[in-house]
Amino acid sequence: MTQSTDLHGLLDQLLMREPLDAVRLLGEEFVNINWQDRDESEISVIVADFLPFLTRLAGRIRTDLRQSPLPLSDKGRLRIDALLRVYRYAQLMLNLKLNSLTERVDNDFGSEYLVRAHQERVDWTIRIIMDCYLSYVDVPKSLYVDLHQLVDLARGELQEAHPVGWQSIYQCYVAILTLAVINPYGLTREEMEDSCACLIQVGSAIKLVHDEPTPTSRFIDLTGKIMPHLALRTRTNLTEAGFFLDLGGLYQPEMTAGLSPVCRSQLYHLLDHLKFFFVGRGDRETKSTLPEQSKQHTSLITLGFLSVHHRLERLSQNESHQESTIALAGLDWEGLDQPIRGEVAPISGVADFKMDIQTGNSGEQVDWDAGIGSGRGGNGHHQPLNEPSIWDVVNFSASGFRFHWRLSSNSHAAVDDLLLAEWPDQDKTGSAMAIGIVRWVRHMDAEHKTIDMGVQRFSGTVFASYARDYRAGETRWSKSWPVIVQLDEHAVPIRIILSTALAVEAQELLVMQEEAEIRLRLGSVCQTGQDFLMMEACRVDA
């Protein structure tokens, strides 16, 4: 196509297409356009027509995506892919817009449009990153790279000449980085959106540090290879490829002044969540330690979803009770620190920590209903379990805890692992155990003999059970799966921890509770972890 009328005809066609089909057609036509052959006035008309259309198209795809069940199906992932393509086309339009504005920045009209164009470019990138978070899928590293580069370009052109416009971009930038630091995959969709909106309001208190980090700093990798919530500490010479995000200003009392009650409450929740991603906040740890729990010097720790499930089963049974389920499945303890990974390769880099909802290992999980002889013959698959072990308690509170492992053998505790903590005496809630998710792990010495670990604690009580797909009905040989059910103070099921593979297969489950099956409907994802999800659940047969 060489005439602008052709592009107007294309726009008319696109308006009649379904969103995914429109994205495909748009890509086929845009690839054949030689933008260099078009004059400035023609490009301005094209941008003015197509940029609003791309915004509306992204909105339609985004609406469909929000209605997609989680974890995302193949169709849902096609929508994510379409959004990424629309994002690229929008950035093309905005680049053309900026190029046409560079020669008209001497007047107020041109300067205003320059600020707006930079703001739009950054906003598009942040919005697509949020789409990935809200869909619980990995953010392509190229998006993080785009974000940093676009902000750098905006800084160079706006910081001195247009400080107000630059400050608006800066606050959005540090808000999405802060949300990334606290691991958005551990939040609900509503918490992500509310947190980001609140962080934009207090963004001026968040600083970028390019030299020595403060105790409340987190490393941001400019290459996008290290996800922000995993980059706990920088390595030697790594600051050349990144900077530190200093969040200490958020803890100043004056930060809540002028905020709405909703935002103030959200900020308090956010700051409480953030403490699991800092190391060395001694004053806050001291405040959070409950007096009656400060005497707890050690705790029995079990790591891994299947290991925690097995341990909860044992605790609910008499020691003399024959554990037929475990015996028939061919499961046994295998070392102190072998994590539950199924056929997943040993952890070798940051990529292993990344969440992957569409895992390829679902067919190789433990078959809990394998029957007699499974795991006993030469062809049986042996699934190792983590044995409970003693960890030192550094800090213990109602919202979380921090542990040290000082054994000679190394631990493979990983971020997003499920954890069960047991202690000799009951706390003030009457509980002698707690369940949570690992938020950060680090080595404290050169020999890697001491592990420092921070854990976010889940509220309520839990019990281990087994579930099967409700659609199986009365089928005798339907497959059952290990699950952990979370109850509220009235003993009503509110959440369920289950394998990712089961969440993909079923929307309603039949769960064993006290020798009877209850029917639970799965809701939205609350937490994501190593091969498991915590999802909202409600009973539909009560």
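Counting in this note's numbering, the sequence shown runs from 2 upward without gaps.
Note that beta-carbon positions come from the ideal geometry of N, C-alpha and C, so glycine has one too.
- Within the stretch 158 to 235, complete alpha helix (DSSP H) segments of at least 4 residues are found at 164 to 182, 190 to 202, given in chain order.
- Contact annotation, residue 458 with residue 510: C-beta distance approximately 25 Å; criterion of less than 8 Å not satisfied.
- Taking the CA atoms as reference points, residue 518 sits about 28 Å from residue 438.
- Relative to residue 144, the option among 131, 154, 136 whose CA is nearest is 131.
- As DSSP reads the structure, residue 539 sits in a beta bridge with 522.
- Residue 25 and residue 186 have their C-alpha atoms roughly 30 Å apart.
- Two segments are said to touch when three or more pairs of C-beta atoms, one from each, lie closer than 8 Å; by this definition the stretch 155 to 162 does not touch the stretch 193 to 204.
- Cβ neighbours of residue 273 within its own chain (closer than 7 Å, five residues either side excluded): 400.
- In this structure, the alpha-carbon of residue 387 lies about 9 Å from that of residue 312.
- Counting the other CB atoms within 10 Å of its CB gives residue 258 a total below 16, which places it among the exposed residues.
- By the CB criterion at 9 Å, residue 193 and residue 148 fall outside the cutoff.
- Approximately 5 Å separates the beta-carbon atoms of residue 436 and residue 463; this is inside 8 Å, confirming the contact.
- For residue 458, the uninterrupted beta strand (DSSP E) segment begins and ends at 452 to 458.
- Relative to the Cα of residue 34, the nearest Cα in the group 17, 215, 11, 262 belongs to 11.
- Within the DSSP secondary-structure output, residue 263 pairs in no beta bridge.
- In this structure residue 525 is exposed. Its beta-carbon is surrounded by fewer than 16 other beta-carbon atoms within 10 angstroms.
- Residue pairing by DSSP places residue 303 opposite 421 in a beta bridge.
- DSSP, reduced to helix, strand and coil, places residue 275 within a helical segment of the structure shown.
- Within 10 angstroms of the beta-carbon of residue 417 lie 16 or more other beta-carbons, which makes it buried.
- Residue 174 sits buried, since 16 or more C-beta atoms from the chains shown fall within 10 Å of its C-beta.
- Beta-carbon to beta-carbon, residue 195 and residue 218 are separated by about 24 Å, too far to satisfy the 8 Å threshold.
- The alpha-carbon separation between residue 306 and residue 422 amounts to approximately 13 Å.
- A distance below 9 Å separates the beta carbons of residue 512 and residue 521.
- Taking 8 Å as the upper bound for CB-CB distance, residue 442 and residue 454 are in contact here, some 5 Å apart.
- Distance from residue 181 to residue 229 at the Cβ level is roughly 4 Å; contact confirmed, criterion being Cβ atoms closer than 8 Å.
- Put simply, of 523, 255, 489 the residue whose alpha carbon is nearest the alpha carbon of residue 70 is 523.
- Judged by DSSP in its simplified three-state form, residue 256 adopts helix.
- In the three-state reduction of the DSSP assignment, residue 487 falls in the strand class.
- In the DSSP annotation of this structure, the continuous segment of the beta strand (DSSP E) that includes residue 497 starts and ends at 494 to 500.
- When the Cα atoms are used, residue 137 and residue 32 turn out to be separated by approximately 31 Å.
- Here residue 83 is buried. Its C-beta has 16 or more other C-beta atoms within 10 Å.
- Between the alpha carbons of residue 122 and residue 50 lies a gap of roughly 17 Å.
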